[in-house]
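There are 2 protein chains.
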Amino acid sequence: MSLAIGDAHTPLTKMVKDALRQRILNGEFEQGTRLVEGRISEEMGVSRMPVREALRELAAEGLVKIIPRRGATVSMPAADQKMDLIEVRATLEALNARLAARRKDPDRITALQRVLAAGEADIEKGDFSEMRAHNDAFHTALGEVSGNVTLQDLIRTLRDQTSMLFKQDDPVKVRETWREHADILRAVIAGDEELAAILASRHVYNAVEPEAATD
Amino acid sequence: MSLAIGDAHTPLTKMVKDALRQRILNGEFEQGTRLVEGRISEEMGVSRMPVREALRELAAEGLVKIIPRRGATVSMPAADQKMDLIEVRATLEALNARLAARRKDPDRITALQRVLAAGEADIEKGDFSEMRAHNDAFHTALGEVSGNVTLQDLIRTLRDQTSMLFKQDDPVKVRETWREHADILRAVIAGDEELAAILASRHVYNAVEPEAATD
DNA sequence: AGGCTTTAAACGGTATACTAAAATTTAAGC
DNA sequence: GCTTAAATTTTAGTATACCGTTTAAAGCCT
Chain A
8 MSLAIGDAHT PLTKMVKDAL RQRILNGEFE QGTRLVEGRI SEEMGVSRMP VREALRELAA
68 EGLVKIIPRR GATVSMPAAD QKMDLIEVRA TLEALNARLA ARRKDPDRIT ALQRVLAAGE
128 ADIEKGDFSE MRAHNDAFHT ALGEVSGNVT LQDLIRTLRD QTSMLFKQDD PVKVRETWRE
188 HADILRAVIA GDEELAAILA SRHVYNAVEP EAATD
Chain B
8 MSLAIGDAHT PLTKMVKDAL RQRILNGEFE QGTRLVEGRI SEEMGVSRMP VREALRELAA
68 EGLVKIIPRR GATVSMPAAD QKMDLIEVRA TLEALNARLA ARRKDPDRIT ALQRVLAAGE
128 ADIEKGDFSE MRAHNDAFHT ALGEVSGNVT LQDLIRTLRD QTSMLFKQDD PVKVRETWRE
188 HADILRAVIA GDEELAAILA SRHVYNAVEP EAATD
């Protein structure tokens, strides 16, 4: 019953998990939407088990909330928890930038510069369709420079959890975002830990939609 | 262990998870020990499913490492990853202390003082059997003062992951630890965010066994 | 004896089945 | 009509079964 083409080797759980994360982050599911194991499994053509495990893993990442005997819903952090998330994320992004500025591995920095250029190029062209991907790529590449894998994992889940609090479709905001990226990179290259940290922290706060804190 | 009425049945998954966490943190399982689903399920008298889920959740917390098709082992972070963990944890403990100093909710601070006193009392009596519990209680109580739940969760998993890097059986070290706790609390009460943060960060680094960084 | 196949056992991934708690609907009483 | 209770459906928790990998063991050859 299973077997899409080819890759019989990726665990189903992972595929389901990635598919669900995608759909949650795309906003395909509203916050609070119930994610019923049976329905999803049927829709995806797999048994409930992989779905169940995927939901639990997403819960561990904070994208989904599970209440025993009541199932999973797309999590909707309360207003005050949103600021909590932002606060933690800002702190960790600051640490990340600080470590990047400390190590500033030349090869990784080159890679990071390429990502920055790619993002800026699309902005020049007025193409904002890939901005989310570009943005993720930048932060991931910055994580590579810092070299702290634990930190990178943590930041990634926090970024996912907070992604719905940002808007990436406002051209003005996007330009500002990438200006900040360039500033951070400059500080990293200069090895200025303190500046890199401060810029990275502010970068997080700046990207928050003003109304997000109070809805 | 199970409490009030109406607490019908806690999900088996949770019980298995807690039991396994306990045993891992107690050092009953060496690092690298294989955790075979079938064996554990048999030993605990449940089916493989709760065990499987528990293992996955522990993997999300970083206590266990799962390799697809190869099963779970008690995770043994490489030496460099240990310092990564410490670095992240120190940063978040600093944030935690900073927020605590900012909010300094009187009731929670009173609770925190009680915890501090309890720990100090046991040290006076020369009773070190409960130090791990006291230590956890202090950091948990400090988290309550800060009021950031997200942060608290994160710190708790990091504390679990790093707990084997510390020694809590050396009386000299323990005394030092609790002197630091008192210092942190004093800074929190004084509302000195910066000092509280620095002390909390150092507190983490100080507690690391010197040889832990290189083993 | 030591390496290379071949075979058997162990184990994880997934599917299916069953049970009991919630949620929902329907029925009953005021 | 509205509230409450009983019946029905939905759904999460758990158990069992099966298959394909992976790992360990047993032969086999030189």
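In order, the protein sequence lines correspond to chains A and B.
Heads up: the first sequence begins at 8 in the numbering used here, then just goes up one per residue.
Heads up: the second sequence begins at 8 in the numbering used here, then just goes up one per residue.
Beta carbons are placed, not taken as given, at the ideal position from N, Cα and C, and that holds for glycine.
Practice problem: Pull up the CB-CB distance for alanine 234 of chain A and alanine 203 of chain A, whole angstroms please, since I reckon it's below 8 Å. | Solution: Because chain A here runs from 8 to 222, residue 234 of chain A falls outside it and cannot be looked at.
Quiz prompt | Neighbour flag for aspartate 25 of chain A against chain B, beta carbons, 8 Å | solution = no
Self-check item: Test: arginine 28 of chain B CB closer than 8 Å to a CB of chain A
Solution: no
Quiz item: Can you tell me the Cα-Cα spacing of arginine 139 of chain A and serine 54 of chain A, whole angstroms?
Solution: 32 Å
Self-check item: Inter-stretch contact (C-beta, 8 Å, three-pair minimum) for the segment 134–154 of chain B and the segment 71–86 of chain B
Solution: no
Quiz item: Any beta-carbon of chain A closer than 8 Å to the one on glutamate 60 of chain B?
Solution: yes
Exercise. Please confirm whether any heavy atom of the ligand MG lies closer than 7 Å to the CB of leucine 27 of chain A.
Key: This structure does not include the ligand MG; it has no bound ligands of any sort.
Quiz item: In chain order, what residues of the same chain have a beta carbon less than 8 Å from the beta carbon of isoleucine 191 of chain A, not counting five sequence neighbours either side?
Solution: Ala104, Leu149, Ala203, Leu206, Ala207, His210
Quiz item: Opposite valine 215 of chain A in the DSSP bridges: which residues?
Solution: A/Phe173
Quiz item: Quick check: the segment 122–131 of chain B against the segment 159–171 of chain B, are there 3 or more CB pairs under 8 Å?
Solution: At 8 Å Cβ cutoff, the stretches do not touch.
Quiz item: Secondary structure at glycine 52 of chain B, three-state DSSP: helix, strand or coil?
Solution: coil
Practice problem: Work out the CA separation of leucine 62 of chain A and glutamate 64 of chain B for me, nearest whole Å. | Solution: 11 Å
Quiz item: Do leucine 106 of chain A and asparagine 155 of chain A have their C-beta atoms within less than 8 Å of each other?
Solution: Going by C-beta atoms, leucine 106 of chain A is nearer than 8 Å to asparagine 155 of chain A.
Quiz item: Can the beta-carbon of isoleucine 116 of chain B be found closer than 8 Å to that of valine 152 of chain B?
Solution: yes
Quiz item: Where DSSP assigns a beta bridge to isoleucine 205 of chain B, which residues make up the other side?
Solution: According to DSSP, isoleucine 205 of chain B bridges with nothing at all.
Self-check item: glycine 13 of chain A versus aspartate 87 of chain B: straight-line alpha-carbon distance, rounded
Solution: Its pLDDT being 37, under 50, glycine 13 of chain A is placed unreliably by the model, and the measurement read from it follows with that caveat. Cα-Cα distance, rounded: 37 Å.
Quiz item: Which runs of the beta strand (DSSP E) spanning at least 3 residues fall entirely within the segment 39–105 of chain A, listed in chain order?
Solution: 71–74, 78–81
Self-check item: lysine 89 of chain A versus glycine 69 of chain B: straight-line alpha-carbon distance, rounded
Solution: C-alpha separation (whole angstroms): 24 Å.
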